[in-house]
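Engineer: So the protein lines, in turn, are chains A and B. One point on numbering: in the working numbering, the residue at position 314 of the first sequence is 314, and numbering is uninterrupted. One point on numbering: in the working numbering, the residue at position 27 of the second sequence is 27, and numbering is uninterrupted. This is the structure, below, for whatever I ask next.
There are 2 protein chains.
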Amino acid sequence: MSRPLTFRHLFGPGPSNCYPEAIEALGHPVLGHLDPLFLEVLDNTCAGLRQVWGTNNARTLPLSGTGSAGMEAAFVNTVGAGDVAVVAVNGLFGERMCEVARRTGAEVVRVDHEWGQPIDPERVAAAHPNPKVIAAVHAETSTGVRSDIAALGRLKGDALLVTDAVTSIGGLELLADDWGIDVGYAGTQKCLGVAPGLSPFTISDAAFERRVKDPQSWYLDLGLLGGYVGTAGGSQRTYHHTAPVPMIASLQAGLARVLGEGLDAVRARHATAGLALQDGLEEMGLDLFAAEGFRLPSLTTVRVPEGVDSAAVRAYLLKNFSMEIGAGVGQFASSVWRIGMMGPNANNASVVFVLAALKEAIAKV
Amino acid sequence: MSRPLTFRHLFGPGPSNCYPEAIEALGHPVLGHLDPLFLEVLDNTCAGLRQVWGTNNARTLPLSGTGSAGMEAAFVNTVGAGDVAVVAVNGLFGERMCEVARRTGAEVVRVDHEWGQPIDPERVAAAHPNPKVIAAVHAETSTGVRSDIAALGRLKGDALLVTDAVTSIGGLELLADDWGIDVGYAGTQKCLGVAPGLSPFTISDAAFERRVKDPQSWYLDLGLLGGYVGTAGGSQRTYHHTAPVPMIASLQAGLARVLGEGLDAVRARHATAGLALQDGLEEMGLDLFAAEGFRLPSLTTVRVPEGVDSAAVRAYLLKNFSMEIGAGVGQFASSVWRIGMMGPNANNASVVFVLAALKEAIAKV
């Protein structure tokens, strides 16, 4: 049943390889979820999350689920029957937002964009006169595109701005308060260099006041969660559900690593690695997929060359280099590769390694 | 920000200390969630879960959330507006079931019992002529009581039987198929000896056919999850959300440990330790809380002696022995202690240690 452990070089769209500190912390002795020592870990984690989110929101916390649970929490706590949610769609995660929002009973106004292009903030803001929510993805994991959330924040009017920062948090500039993000969710397994399992979440006081008071989800009810994470005020913590203790300890350690290096330095490292990878791919004669000027440094999308078998190249990399890169999504499943350089992998050694391996794989398959 | 690591002896209602194999696996190199090696880990985990559930259900899987996410998955996938859910309540988790079921829009018929007593299967089954669901907790974590789920299974009629097995799975007899459990959810952090973060879940084919086809939760939609865990048939796995890879690797390792020791042996170890603890507490002159004949071996509830400060005793144990025991719940918060002997802690050494420590604490505070 068990086999020798295999190390993978994770250059796909996530999970990324983790910072060693984050892995080490997973193995720490388990603490009770109401132990004062663990509540300190939780408080440290929330404080670190405020920094990577760029927010002072008291209600900034790790949700006990993956990024998609964060997406669901964002919608079930803000919209329901009778509310309008405008959703900008320029990739899979925008599509998913529509589906998750629909299931709350809200009316979804979908604003489609070509995949590979950023969202158009003016078109999104003009799509409905008075939505309760406007939602957009900051860094589209399916296409490798960054959109201008700050511009959408300036145009949002009275709507609450919901933002998916799964593939930007911890690696790209993210200024939730300055940009006017009211509700944000993210993942741990990308630029933060922590394993998948939690969703860093933030909601402003003003959005919290306007929340759905009796949301359809008990597990993701932010009104109840505050009593445990200590954001409801008072020193007493009330049990809601048993927190995933090792994952939170790991996130604390990953955040300490990122903040110790310095957010600016970490972001510069992601930017430099992403740019070098993109330059290198173009030098190999490959075409990048995401629109120029809007390419994510953390996740590069590149077209599979004519006549090359996408899956065979990925299998070659896995077999010969224990290296994972990602396939494309939807109609681009076999015509685009997604190459992530996130967390500890965002460095020049990764660039050289990936370019050399990919070159060999394309030549050999 | 970081402090020396502290080992806690976790004798509360959960999390328990983990099997060493489960902790060790948390630190394994992270694999991609679509890597063939990881899909093998996932398949092994599902196979192991079938054994501890006592089921052949194809749809037996670890949900990416804690036990309460499992509870929510059980209800959102089986009931909605127009459906009736009969819920047996004899403690906090029965109460929670009512609240979670209510949020689906279902009509909840609540059948109350005295806390500390098991449920009355006949009264529960007679509460409504044609419910879609009858739900009950096998092992009430709030009161330390075991209920007869098999009896309820014989009386359920056409209803789907939903069962909470959070504090029984991996430590007590649990025969989902034989007992007529249609939908079950559990936790990893109790008798399975794995950290909190996943919910072992099972649903029969017949219940799956009668499920809510468009449930209000996207994250917990069993119709979508099957495509990833391989229960939807076919060899192709479709991405739903990024799986919490290290937690699943850890659960695989914990299950391998439990099944390697043998389910009967593990259950006997829990039974022996629980009985010895309960005998020892009575020999100390303390009164057990749960009704005789229905006491959980995995979680013992005992009344705080007259004139003893419950919180002071718990603080003394934490400070002097780095030992956690649990407070009571609700109206019994300060009048009952909950003492768990689960997973690796279910053994005679734990019994001797806890009794000696508790005796000293009661004498000293």
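We put the CB at the ideal spot given by N, CA and C, even for glycine. Bear in mind the structure is a predicted one, so any value in this text is a computation, not a measurement.
Counting only Cβ pairs nearer than 9 Å, list the residues of chain A close to Asp43(B).
Structural biologist: The count along the second sequence starts at 1 and reaches residue 43(B) at position 43. The premise fails here: Asp43(B) is roughly 10 Å from chain A at the closest Cβ pair, so nothing lies under 9 Å.
Engineer: Which residues bound the alpha helix (DSSP H) around Tyr228(A)?
Structural biologist: Numbered from 1 along the first sequence, position 228 holds the residue referred to as residue 228(A). Its alpha helix (DSSP H) spans residues Leu222 to Val229.
Engineer: In chain B, which residues lie less than 8 Å from Thr6(A) when you measure between Cβ atoms?
Structural biologist: Numbered from its first residue, the first sequence carries residue 6(A) at position 6. Neighbours of Thr6(A) on chain B, chain order: Pro29, Leu31 and Leu37.
Engineer: Which residues of chain E have a Cβ atom closer than 7 Å to the Cβ of Tyr219(A), listed in chain order?
Structural biologist: Included in the structure are the protein chains A and B, with no chain E among them.
Engineer: Using the Cα positions of Gly326(B) and Gly12(B), report the straight-line distance between them to the nearest angstrom.
Structural biologist: Counting from 1 along the second sequence, the entry for residue 326(B) is found at position 326. Counting from 1 along the second sequence, the entry for residue 12(B) is found at position 12. C-alpha separation (whole angstroms): 4 Å.
Engineer: Just checking: is the beta-carbon of Gln216(A) within a distance shorter than 9 Å of some beta-carbon in chain B?
Structural biologist: As a working mapping, residue 216(A) is identified with position 216 in the first sequence. Taking Cβ atoms only, chain B reaches closer than 9 Å to Gln216(A), which makes this a yes.
Engineer: Along the chain, where does the alpha helix (DSSP H) that runs through Ser250(A) open and close?
Structural biologist: The sequence position of residue 250(A) within the first sequence is 250, counting from 1. It spans Val245 to Glu261 - the alpha helix (DSSP H) in which Ser250(A) sits, taken as one unbroken run.
Engineer: Show which residues of chain A have a CB atom less than 7 Å away from the CB atom of Gln189(B).
Structural biologist: Position 189 of the second sequence, counted from the start, is the residue given in the question as residue 189(B). Within chain A, the residues near Gln189(B) are Thr242.
Engineer: Find the nearest neighbour of His241(B) within the set Asp43(B), Arg50(B), Val41(B) and Gly65(B), judged by alpha-carbon distance.
Structural biologist: If you number the second sequence from 1, residue 241(B) lands on position 241. Of the listed residues, the one whose Cα sits closest to His241(B) is Gly65(B).
Engineer: Quick one: what does DSSP say Ser305(A) is sitting in, helix, strand or coil?
Structural biologist: If you number the first sequence from 1, residue 305(A) lands on position 305. Going by the sequence as given, residue 305(A) is Pro instead of Ser. Correct three-state label for Pro305(A): coil.
Engineer: Using a Cβ cut-off of 9 Å, pull out every chain A residue sitting near Ala195(B), in sequence order please.
Structural biologist: Residue numbering aside, residue 195(B) sits at position 195 when the second sequence is read from its first letter. Going along chain A in sequence order, the residues near Ala195(B) (Cβ under 9 Å) are Leu26, Val30, Pro244, Val245, Pro246 and Met247.
Engineer: Measure the Cβ-Cβ separation of His9(B) and Met323(B) and say whether it is below 9 Å.
Structural biologist: Residue 9(B) sits at position 9 when you count from the first residue of the second sequence. Residue 323(B) sits at position 323 when you count from the first residue of the second sequence. Cβ distance < 9 Å, so His9(B) and Met323(B) count as in contact.
Engineer: Quickly, what does DSSP pair Leu10(B) with across the bridge? List them, please.
Structural biologist: Along the second sequence, read from residue 1 onward, the residue named residue 10(B) stands at position 10. Note: Leu10(B) sits in a beta bridge opposite Glu324(B).
Engineer: State yes or no: is the beta carbon of Glu114(B) nearer than 9 Å to at least one beta carbon in chain A?
Structural biologist: Mapped onto the second sequence, residue 114(B) falls at position 114. No - not a single Cβ of chain A is within 9 Å of the one on Glu114(B).
Engineer: Spell out a yes or no on whether the region 34–48 of chain B and the region 198–213 of chain A are touching, meaning 3 or more CB-CB pairs, one atom from each, closer than 8 Å.
Structural biologist: The region 34–48 of chain B, when compared against the region 198–213 of chain A, does not touch it at the 8 Å Cβ threshold.
Engineer: Can you grab the Cα-Cα spacing for the pair Thr55(B) / Ala206(B), in whole Å?
Structural biologist: Position 55 of the second sequence holds residue 55(B). Position 206 of the second sequence holds residue 206(B). Each residue's alpha carbon lies about 13 Å from the other.
Engineer: Compute every distance between the C-beta of Met284(A) and the non-hydrogen atoms of the ligand MG, then say whether any falls below 8 Å.
Structural biologist: The ligand MG is not among the ligands present in this structure, which contains no ligands whatsoever.
Engineer: Can the beta-carbon of Ala165(A) be found closer than 9 Å to that of Ser147(A)?
Structural biologist: For this step, residue 165(A) is matched to residue 165 along the first sequence. For this step, residue 147(A) is matched to residue 147 along the first sequence. No, these two residues do not count as a Cβ contact at 9 Å.
Engineer: Using a beta-carbon distance below 9 Å, is Gly223(B) in contact with chain A?
Structural biologist: Numbered from its first residue, the second sequence carries residue 223(B) at position 223. Chain A contact via Cβ: absent.
Engineer: Quick check: what's the CA-CA separation for Ile362(A) versus Gly14(A)?
Structural biologist: On the first sequence, position 362 is the one that residue 362(A) refers to. On the first sequence, position 14 is the one that residue 14(A) refers to. Each residue's Cα considered, the two are about 22 Å apart.
Engineer: Within this structure, are the beta carbons of Gly171(A) and Ala346(A) separated by less than 9 Å?
Structural biologist: One-based indexing of the first sequence puts residue 171(A) at position 171. One-based indexing of the first sequence puts residue 346(A) at position 346. Yes, these two residues count as a Cβ contact at 9 Å.
Engineer: I'd like to know whether the C-beta of Arg103(A) is nearer than 9 Å to at least one C-beta of chain B.
Structural biologist: As a first step, residue 103(A) is located in the first sequence; it is residue number 103 there, counting from the start. It does: the Cβ of Arg103(A) has a partner Cβ on chain B nearer than 9 Å.
Engineer: Among Leu192(A), Gly184(A) and Trp218(A), which has the Cα closest to the Cα of Ile203(A)?
Structural biologist: One-based indexing of the first sequence puts residue 203(A) at position 203. Nearest option by C-alpha distance: Gly184(A).
Engineer: By the 10 Å Cβ neighbour count, where 16 or more other Cβ atoms means buried, how is Gln375(A) classified, buried or exposed?
Structural biologist: A query on residue 375(A) cannot be resolved here, the shown segment of chain A reaching from 1 to 365 and no further.
Engineer: Under 9 Å, Cβ to Cβ, is there at least one residue of chain A near Cys46(B)?
Structural biologist: Mapped onto the second sequence, residue 46(B) falls at position 46. No, no contact with chain A.
Engineer: So Thr60(A) is in the beta strand (DSSP E); what residue range does that whole segment cover?
Structural biologist: Here residue 60(A) is taken as the residue at index 60 of the first sequence, counted from 1. Start and end: Arg59 to Leu63.
Engineer: Grab me the residues of Leu175(A)'s own chain with a C-beta within less than 6 Å of its C-beta, minus the 5 sequence neighbours each way, in chain order.
Structural biologist: Your numbering for residue 175(A) matches position 175 in the first sequence. Only Gly54 meet the Cβ criterion.
Engineer: Report yes if the CB atom of Val79(B) is closer than 9 Å to the CB atom of Ala101(B), and no otherwise.
Structural biologist: As a working mapping, residue 79(B) is identified with position 79 in the second sequence. As a working mapping, residue 101(B) is identified with position 101 in the second sequence. It is a contact, given that the beta carbons lie within the stated cut-off.
Engineer: Could one say the Cβ of Val100(B) lies closer than 9 Å to chain A's Cβ atoms, at least one of them?
Structural biologist: Mapped onto the second sequence, residue 100(B) falls at position 100. Chain A, which has a Cβ nearer than 9 Å to the Cβ of Val100(B), makes this yes.
Engineer: Could you give the first and the last residue of the continuous alpha helix (DSSP H) run that contains Thr45(A)?
Structural biologist: Residue numbering aside, residue 45(A) sits at position 45 when the first sequence is read from its first letter. It spans Pro36 to Trp53 - the alpha helix (DSSP H) in which Thr45(A) sits, taken as one unbroken run.
Engineer: Using a 10 Å radius around the Cβ and a threshold of 16 neighbouring Cβ atoms, would you call Glu114(B) buried or exposed?
Structural biologist: On the second sequence, residue 114(B) is found 114 positions in, with the first residue counted as 1. Exposed, by the Cβ-count rule.
Engineer: For Ile23(B), return the contacting residues in chain A, with the cut-off set at a CB-CB distance below 7 Å.
Structural biologist: Taking the second sequence and counting its residues from 1, one reaches residue 23(B) at position 23. Those within 7 Å of Ile23(B) in chain A are Gly27.
Engineer: Alpha carbons only, please: which of Gly260(B), Tyr316(B) and Arg110(B) is nearest the one belonging to Ala85(B)?
Structural biologist: Indexing the second sequence from 1 puts residue 85(B) at position 85. Of the listed residues, the one whose Cα sits closest to Ala85(B) is Arg110(B).
Engineer: Tell me the rounded alpha-carbon separation between Ala311(A) and Trp337(A).
Structural biologist: Counted from its first residue, the first sequence places residue 311(A) at position 311. Counted from its first residue, the first sequence places residue 337(A) at position 337. If I take the Cα positions, the gap works out to 10 Å.
Engineer: Taking Cβ to Cβ, would you say Val354(A) is nearer than 9 Å to Leu275(A)?
Structural biologist: Locating residue 354(A) in the first sequence gives position 354, where the first residue counts as 1. Locating residue 275(A) in the first sequence gives position 275, where the first residue counts as 1. No; because the gap between Cβ atoms is not below 9 Å, this pair is not in contact.
Engineer: Quick check on this structure: which residue in Asp158(A), Trp218(A) and Glu122(A) has the alpha carbon closest to the alpha carbon of Glu95(B)?
Structural biologist: One-based indexing of the second sequence puts residue 95(B) at position 95. Answer by Cα proximity: Trp218(A).
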